[in-house]
Every structure is written in structure tokens, then in C-alpha cells.
Amino acid sequence: MARLRDVVVDCRHPASLARFWAAALDGYAVAPYDEAELARLRGEGVEDPEDDPTVLVEGGPPRLWFQHVPERKVVKNRLHLDLCADDLDAEIDRLRALGATLLATYDDWVTLADPEGNEFCLFPQ
Numbered sequence: 001m002a003r004l005r006d007v008v009v010d011c012r013h014p015a016s017l018a019r020f021w022a023a024a025l026d027g028y029a030v031a032p033y034d035e036a037e038l039a040r041l042r043g044e045g046v047e048d049p050e051d052d053p054t055v056l057v058e059g060g061p062p063r064l065w066f067q068h069v070p071e072r073k074v075v076k077n078r079l080h081l082d083l084c085a086d087d088l089d090a091e092i093d094r095l096r097a098l099g100a101t102l103l104a105t106y107d108d109w110v111t112l113a114d115p116e117g118n119e120f121c122l123f124p125q
């Protein structure tokens, strides 16, 4: 039987979107760049981790991978994350301060978008 390993997000700028999600999610962090990883990137012609085409956010499972694609998001996500928080209003404010946009408010949840427009929902705990 298969098990969920990673969630992969196509995006325009993996490093900044990875930082958003690492800050948004409890217990997650952008994977550190050790010398071996920096050497691998240099071997691919990438001198600055800010330009890394694939950035890993650890803390799960699942892990989150952010990978560069040339095209912008143009339609609604076919898959999104559902998050929960003890204090819904405080968490909305915190996520907005990180760069999220509030899209819609419903009776029991809100829909937001990350800095690249990927929708996600936030529910009370």
C-alpha cells in the first residue's frame, strides 16, 4: 500500500514560497544547505540558494517540495491544503503578515492564498 511522502508545489520562486510555508506551518523549516548541497547546486550552475529550482521544507510527513516552473498559476488549484488553528482570527492575521491573502470567509472556515496565489483553507481547531 502506498504512503504519502511529499507534497510538491509548482511555483515561480521556490525559495520565497518555501519560506512562507515553513513559517506558516508549525514544526516545518526550510531544509538547511550543507556544503554537499551547495556543491550540487553549483554543479547545476546555481550559485545562490535563493535561485534553487527545488526547495525542500521538512517537518512532516509529508515533506513539502517547491519546484520552479516557468508558467504562472492561472486557474483554481486542483489540490489544496487544509490547516487548522486554535485562534482563527489571530492565525489569519499572522498568515496575512507573512504574505497570505484572505480570499473568502465562510461560517466555519476561511480561504486564503499564499504569496503565489495557491489557495488553502483555515479551520478552527
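According to full-length UniProt numbering, the sequence shown is numbered sequentially starting from 1. Each residue gets a CB set at the ideal place from its N, CA and C atoms; glycine is no exception.
In the three-state scheme derived from DSSP, where H, G and I count as helix and E and B as strand, Ala100 is classed as coil.
Cβ-Cβ separation between Leu17 and Glu116: approximately 6 Å, consistent with a contact (criterion under 8 Å). Taking one beta carbon from each stretch, the stretch 65-74 and the stretch 104-111 have fewer than 3 pairs nearer than 8 Å; the two do not touch. Under the three-state reduction of DSSP output, Glu58 falls in the strand class.
Here Leu95 has Ala24, Leu112 and Leu122 as same chain residues with Cβ atoms under 8 Å from its own Cβ, once five neighbours each way along the sequence are excluded. Rounded to whole angstroms, the Cβ separation of Ala29 and Gly59 is 6 Å, and the two are in contact under 8 Å. Note on Val55: 16 or more other CB atoms within 10 angstroms of its CB, so buried under the neighbour-count rule.
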